[in-house]
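If you read the sequence shown in this note's numbering, its first letter stands for residue 24, the second for the next number, and so on.
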Amino acid sequence: MKKFGLFLGIIGLLFLFGACDSGSGSKSISDKCKSGLTKECLEGTWLLPALINNDETNSEYAVFNIPAELTLSVADAKNQATPEEFEFKWSPDSEDYQEHGCETVYGTWSISNNKLSFQGNIGDCMLNFSTGATVDVTTLALDSMHFNTVATASTNISLKEIFTRKATP
Numbered sequence: 024m025k026k027f028g029l030f031l032g033i034i035g036l037l038f039l040f041g042a043c044d045s046g047s048g049s050k051s052i053s054d055k056c057k058s059g060l061t062k063e064c065l066e067g068t069w070l071l072p073a074l075i076n077n078d079e080t081n082s083e084y085a086v087f088n089i090p091a092e093l094t095l096s097v098a099d100a101k102n103q104a105t106p107e108e109f110e111f112k113w114s115p116d117s118e119d120y121q122e123h124g125c126e127t128v129y130g131t132w133s134i135s136n137n138k139l140s141f142q143g144n145i146g147d148c149m150l151n152f153s154t155g156a157t158v159d160v161t162t163l164a165l166d167s168m169h170f171n172t173v174a175t176a177s178t179n180i181s182l183k184e185i186f187t188r189k190a191t192p
């Protein structure tokens, strides 16, 4: 009987220690972004509130009343090269939406050699690019313009896209 009591005591302690440790498995966004351009840091929803001049001013070229939205899903965070799924919703204020009817595109994204790559299409709204990018807790900055291609083609201005992380409830 003493052995059975000891066994139950040990099992109880294991459950107690397991319950106390359950919260430590969830990393903060800050912890996930310590290594920079990784799936862990990129996972989530990003908003594109404006198109930015790609010059020393970094001024806003076009501001969207309704921001564009990029959602990056992650199924395999351990393997950085494994393609993942994305969804991009153009802003109704964007020229791509107004001139080509681009609303939402789905596809895959991946990281390779410090480059962020996207592949997806829907009608005239095809995305297939690889770009340099920087990411931190609040910002995802692409080296140039890729999602809003009509604005780039219709101007002689060099533009870039800088996303901000959407707050989670």
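We put the beta carbon where it would ideally sit given N, CA and C, even for glycine.
Query raised in the report: At which residue ranges does the stretch 93 to 144 contain complete alpha helix (DSSP H) runs of 4 or more residues, listed in the order of the chain?
Result: 118 to 123
Query raised in the report: Would you call the stretch 118 to 130 and the stretch 93 to 105 touching, i.e. three or more CB-CB distances under 8 Å?
Result: no
Requested in this report: For Asp119, count neighbouring Cβ atoms within 10 angstroms of its own Cβ and tell me buried if that reaches 16, exposed if not.
Outcome: Within the sequence shown, numbered from 1, the residue matching residue 119 stands at position 96. Asp119 is buried by the Cβ-count criterion.
Requested in this report: Would you check if the distance between the CB atom of Glu110 and the CB atom of Tyr129 is smaller than 8 Å?
Outcome: Along the sequence shown, read from residue 1 onward, the residue named residue 110 stands at position 87. Along the sequence shown, read from residue 1 onward, the residue named residue 129 stands at position 106. In this structure, Tyr129 lies closer than 8 Å to Glu110 by Cβ.
Query raised in the report: Quick one, which of Ser117, Pro90, Asn76 has its alpha-carbon nearest Thr68's?
Result: Indexing the sequence shown from 1 puts residue 68 at position 45. If we check each option's Cα against that of Thr68, Pro90 comes out closest.
**Report entry** Reduced DSSP secondary structure (H/G/I, E/B, other) of Glu63
**Finding:** Locating residue 63 in the sequence shown gives position 40, where the first residue counts as 1. The answer is helix: DSSP assigns Glu63 an H, G or I state.
Query raised in the report: From this set, Thr162, Leu93, Ile134, Asp78, which residue's C-alpha is nearest Asn171's C-alpha?
Result: Taking the first residue of the sequence shown as 1, we reach residue 171 at position 148. Nearest C-alpha to Asn171: Leu93.
Query - Whole-angstrom distance between Ala190 and Asp54, CA atom to CA atom - result: Reading the sequence shown from its first residue, position 31 is the one you call residue 54. Reading the sequence shown from its first residue, position 167 is the one you call residue 190. Approximately 17 Å between the Cα atoms of the pair.
Query - Proximity below 8 Å, CB of Leu150 to CB of Leu74 - result: For this step, residue 150 is matched to residue 127 along the sequence shown. For this step, residue 74 is matched to residue 51 along the sequence shown. Going by C-beta atoms, Leu150 is not nearer than 8 Å to Leu74.
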